[in-house]
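**Q** Here it is, the structure in full.
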Amino acid sequence: MSKGGERRRQSSPAYGSADSGTTLMGVMGARRSRHSARAPAALWLLAAVLLLLVAHAAPQKYGKPDPCYRECVSGETMVCKYDFHEEIYNALNAACGRCADGEFGDCFLEACVQVDGVERTVYSINRMLPGPAIHVCVGDTVIVDLHVLLPGHADTLHWHGLHQRDTPYMDGVSMVTQCPVLSGDIFRYQFVVDAPGTYFYHPHNGK
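The opening position of the sequence shown corresponds to residue 1 in UniProt numbering, with each subsequent residue numbered one higher.
Here is the structure:
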């Protein structure tokens, strides 16, 4: 077990709620000020892209509003906690209804992972692909409990682009900064976001 981390054995796998989805790719953003969005043109293709972005980057934790997704105020920080359930999931499965038959609205049903429109097996986090977005402010403490539910596999999460100056053991590179997390185990990542920007997280597979 790596310094500063917690690893616990779970007696029975607790799969991600259907109210949120995720895969092993995600987005993490840290902001200093509020961003504004422009209204898109009324083109159906652009609307489809926007719907996809909203579906996968909504400020939510298992279907509930995420209080950490807020306007950032200097000196005000929060502790932002997330549960990531990493599992093998089928894209374009029954949760997608008639998405494959051209029913566009079904492609955005809860727990529907469309990828490229072809049914296949994927790694997901909270049954989302890409993974859940994390929106926080500089100075916030991020806590992510990674539940690995991948029989025969072991994984870590690397927080790409974050310096981790005070918490190098939370960098998430398998066999470099920590041992891989075995299937059925839970590992807690905890670090302070010290710079604004847009970053991404991804897994490192190790055995």
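C-beta atoms are modelled at their ideal positions from N, C-alpha and C, and glycine is treated no differently.
Here the structure is a predicted model, which is why all the values come from computation and not from measurement.
Expressed to the nearest angstrom, what Euclidean distance is found between the alpha-carbon atoms of residue 68 and residue 152?
**A** The residue given as residue 68 occupies position 68 in the sequence shown. The residue given as residue 152 occupies position 152 in the sequence shown. Spanning the two alpha carbons is a distance of roughly 35 Å.
**Q** Which stretch, first to last residue, makes up the beta strand (DSSP E) that contains residue 84?
**A** By one-based count along the sequence shown, residue 84 stands at place 84. Run containing residue 84: 79-91, per the beta strand (DSSP E) assignment.
**Q** Below 8 Å, how does it come out for the stretch 191-201 and the stretch 132-152: are there three or more Cβ pairs, yes or no?
**A** Yes: the two stretches touch, three or more of their Cβ pairs being nearer than 8 Å.
**Q** Go ahead and pull the three-state DSSP assignment for residue 132.
**A** Looking up residue 132 in the sequence shown gives position 132. Residue state, collapsed to three classes: coil.
**Q** So is residue 40 buried or exposed if we call it buried at 16+ other beta carbons inside 10 Å?
**A** Against the sequence shown, residue 40 aligns to sequence position 40. Caution applies to residue 40, whose pLDDT of 47 falls short of 50 and renders its modelled position unreliable; the value that the coordinates give is listed next. Per the 10 Å Cβ criterion, exposed.
**Q** So, with DSSP's three-state summary, where would you put residue 180?
**A** Within the sequence shown, the letter at position 180 stands for residue 180. Residue 180 falls in the coil class under three-state DSSP.
**Q** Quick check on the burial criterion: 16 or more other C-beta atoms within 10 angstroms. Buried or exposed for residue 88?
**A** As a working mapping, residue 88 is identified with position 88 in the sequence shown. Flag for residue 88 reads exposed.
**Q** Taking its Cβ as the centre, do 16 or more other Cβ atoms sit within 10 Å of residue 163, making it buried, or is it exposed?
**A** Taking the sequence shown and counting its residues from 1, one reaches residue 163 at position 163. The residue is exposed, with fewer than 16 neighbouring Cβ atoms inside 10 Å.
**Q** When burial is assigned at 16 or more other CB atoms within 10 Å of the CB, is residue 86 buried or exposed?
**A** Working through the sequence shown from its first residue, we reach residue 86 at position 86. Residue 86 is buried by the Cβ-count criterion.
**Q** Going by DSSP in three states, residue 8 sits in which element: helix, strand or coil?
**A** Sequence index remark: in the sequence shown, residue 8 carries index 8 (1-based). At residue 8 the pLDDT is 48, less than 50, meaning the model places this residue with poor confidence; the figure from the coordinates comes in the next sentence. In this structure, residue 8 counts as strand in the three-state DSSP scheme.
**Q** Keeping to the same chain, check which residues put their C-beta closer than 6 Å to that of residue 189; ignore five residues upstream and five downstream.
**A** For this step, residue 189 is matched to residue 189 along the sequence shown. Contacts found: 144, 170.
**Q** Over the uninterrupted beta strand (DSSP E) stretch that includes residue 124, give me the two end residues.
**A** Within the sequence shown, residue 124 is the residue found at index 124, counting from 1. Start and end: 120-125.
**Q** Just mark residue 117 as buried or exposed, buried being the case when its beta carbon has 16 or more other beta carbons within 10 Å.
**A** Here the question's residue 117 lines up with position 117 in the sequence shown. Exposed, since its Cβ has fewer than 16 Cβ neighbours within 10 Å.
**Q** Does residue 205 pass the burial test, meaning 16 or more other C-beta atoms within 10 Å, or should it be called exposed?
**A** The residue labelled residue 205 in the question sits at position 205 within the sequence shown. Label assigned to residue 205: exposed.
**Q** Excluding sequence positions up to five away, which residues of its chain have a Cβ less than 8 Å from the Cβ of residue 155?
**A** For this step, residue 155 is matched to residue 155 along the sequence shown. Counting only Cβ-Cβ distances below 8 Å, and skipping sequence neighbours, we find 24, 86, 146, 148, 174, 180, 181, 203, 204, 205, 206.
**Q** Assuming the contact rule is C-beta atoms closer than 8 Å, residue 91 and residue 110 should be a hit. Round their C-beta distance to whole Å, please.
**A** The count along the sequence shown starts at 1 and reaches residue 91 at position 91. The count along the sequence shown starts at 1 and reaches residue 110 at position 110. Their Cβ separation, rounded to whole angstroms, is 15 Å, which puts residue 91 and residue 110 out of contact at 8 Å.
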